[in-house]
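Protein chains in written order, with numbering that gives the first Met the number 0: chain R, 0 to 150; chain B, 0 to 150.
Report on one structure; see the data block that follows.
There are 2 protein chains.
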Amino acid sequence: MATSRAAGRVRPAYFQQLAAERLDIALCRASAAVARAADAHAGEEGLGVGQHLVLQMLDAVGPCSQQALSEELRIDRSVMVGVCDDLERAGHVRRERNPDDRRSYAVTITAAGRRRLAAARASIPAFLDDTFSALTPDERDQLGALLAKLL
Amino acid sequence: MATSRAAGRVRPAYFQQLAAERLDIALCRASAAVARAADAHAGEEGLGVGQHLVLQMLDAVGPCSQQALSEELRIDRSVMVGVCDDLERAGHVRRERNPDDRRSYAVTITAAGRRRLAAARASIPAFLDDTFSALTPDERDQLGALLAKLL
DNA sequence: CACCAATCGTCTGATGTCAAACAATCTGTG
DNA sequence: CACAGATTGTTTGACATCAGACGATTGGTG
Chain R
0 MATSRAAGRV
10 RPAYFQQLAA
20 ERLDIALCRA
30 SAAVARAADA
40 HAGEEGLGVG
50 QHLVLQMLDA
60 VGPCSQQALS
70 EELRIDRSVM
80 VGVCDDLERA
90 GHVRRERNPD
100 DRRSYAVTIT
110 AAGRRRLAAA
120 RASIPAFLDD
130 TFSALTPDER
140 DQLGALLAKL
150 L
Chain B
0 MATSRAAGRV
10 RPAYFQQLAA
20 ERLDIALCRA
30 SAAVARAADA
40 HAGEEGLGVG
50 QHLVLQMLDA
60 VGPCSQQALS
70 EELRIDRSVM
80 VGVCDDLERA
90 GHVRRERNPD
100 DRRSYAVTIT
110 AAGRRRLAAA
120 RASIPAFLDD
130 TFSALTPDER
140 DQLGALLAKL
150 L
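Structure follows, in structure tokens:
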């Protein structure tokens with residue numbers, strides 16, 4: 000069996016020791032796992048994470064420039080171009096010119112976009128529940144509060 | 000001034016609202032900030048994060064194959080090749096053949112590598128203290144415990 | 001021994017992100 | 001108005017990461 004040979008190797012579960020003394024590493028590793036889960040979920044859902052966030056923000060605060068979306072959602076401007084391209088091609092968003100400043104667009108969510116957002120949004124609670132199943136609701140709140148302090 | 004025009008924009012600090020209801024996004028965002036800080040610190044120190052982790056693990060558990068390093072440190076095998084290349088070129092590590100299994104190396108830390116590790120390690124507490132200055136020591140322990148549960 | 005599957009280190013191709021440059025447009029100063 | 005500097009959206013090039021393929025080697029089966 001495999002374990003008999005693994006005893007030859009050191010197999011120290013060294014990562015746990017590392018994570019205990021390097022909070023930054025633990026944070027990055029947890030984030031990587033969660034991000035992978037989010038990408039997989041978004042893939043099944045058919046709407047990318049960035050696209051979902053853009054639709055959600057447009058629905059919450061109204062038409063925005065790509066710049067505003069980019070800053071608030073922490074998505075690079077260069078990447079935001081592609082995200083909006085995809086959303087526009089799918090009919091979830093219109094790029095209207097901002098009459099007050101013709102450099103910027105006023106990216107606007109469409110009725111179809113709102114429907115798509117509602118559908119995608121409905122699957123989020125189950126996704127979060129699954130991804131953070133190792134934590135109790137109280138612990139999730141604690142984690143949220145700690146991360147909020149960090150940001 | 001800029002704020003008078005910013006009033007025209009929505010400027011809702013929307014990200015905070017998003018982070019409150021999307022624990023996964025908050026986690027990824029915090030991780031990105033911390034990772035950036037770690038990279039910057041590693042740049043000043045002159046020893047990459049991956050290189051530091053490899054030296055530290057070799058010092059802790061003795062000679063390892065690249066595979067073992069890769070699995071335990073969650074660094075892709077392809078990337079580990081470059082990390083070990085750099086470490087070997089700098090004289091911090093030797094690649095000895097494992098006589099029991101000539102497919103794998105026995106990556107071994109050198110005396111120079113140990114000295115380099117000690118120097119780099121000394122700067123870590125200050126780095127962590129600075130990066131997580133928004134949290135009290137108790138809160139850092141809480142965060143560590145929550146992340147450990149997640150992993 | 002011959003053979004087949006698995007493993008280790010390496011390399012290559014595809015992908016994604018980011019910094020820098022660019023044209024178009026705005027603001028402000030003279 | 002003319003002109004300099006900043007901003008918006010976009011494109012391009014550099015860079016890192018990852019999946020997959022590959023040779024070399026090992027272990028196990030007959």
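C-beta: ideal position from N, C-alpha, C; glycine also.
Where A105(R) is concerned, the enclosing beta strand (DSSP E) starts and stops at Y104 to I108. For G143(R), the C-beta contacts it makes with chain B under 8 Å involve A18, A19, L22 and A25, in order along the chain. The segment 13-23 of chain B makes no contact with the segment 15-27 of chain R, as fewer than three CB pairs between them are under 8 Å. Under the three-state reduction of DSSP, R88(B) is assigned to helix. In the three-state DSSP reduction, R21(B) falls in the coil class, being neither helix nor strand.
Using a Cβ-Cβ cut-off of 7 Å, V33(R) is close to D23, L26 and C27 of chain B, given in chain order.
For A133(B), no alpha helix (DSSP H) segment is defined, and its DSSP state is neither H nor E. For R115(R), not one C-beta of chain B is nearer than 8 Å to its own C-beta. Taking every protein chain shown into account, the CB of A111(R) has fewer than 16 other CB atoms within 10 angstroms, so this residue is exposed. Residue pairing from DSSP places E95(B) in a beta bridge opposite A105(B). Per DSSP, C83(R) has no beta bridge partner at all. Counting every other CB atom within 10 Å of its CB across the protein chains shown gives V80(B) a total below 16, marking it as exposed. Counted as a single uninterrupted DSSP element, the alpha helix (DSSP H) harbouring D58(B) occupies residues V48 to V60. Bounds of the alpha helix (DSSP H) holding L68(R) are Q65 to L72. Chain B has a Cβ within less than 8 Å of the Cβ of L146(R). For S30(B), the three-state secondary structure derived from DSSP is helix. With respect to chain B, the C-beta atom of L54(R) has no partner C-beta closer than 8 Å.
When C-beta atoms of the segment 64-77 of chain B are compared with those of the segment 33-47 of chain B, fewer than three pairs fall below 8 Å, so the two segments do not count as touching. In this structure, the straight-line span from the alpha carbon of V53(B) to that of L26(R) is close to 18 Å. At a C-beta separation below 7 Å, Y13(R) has these neighbours in chain B: M56, A59, V60 and E71.
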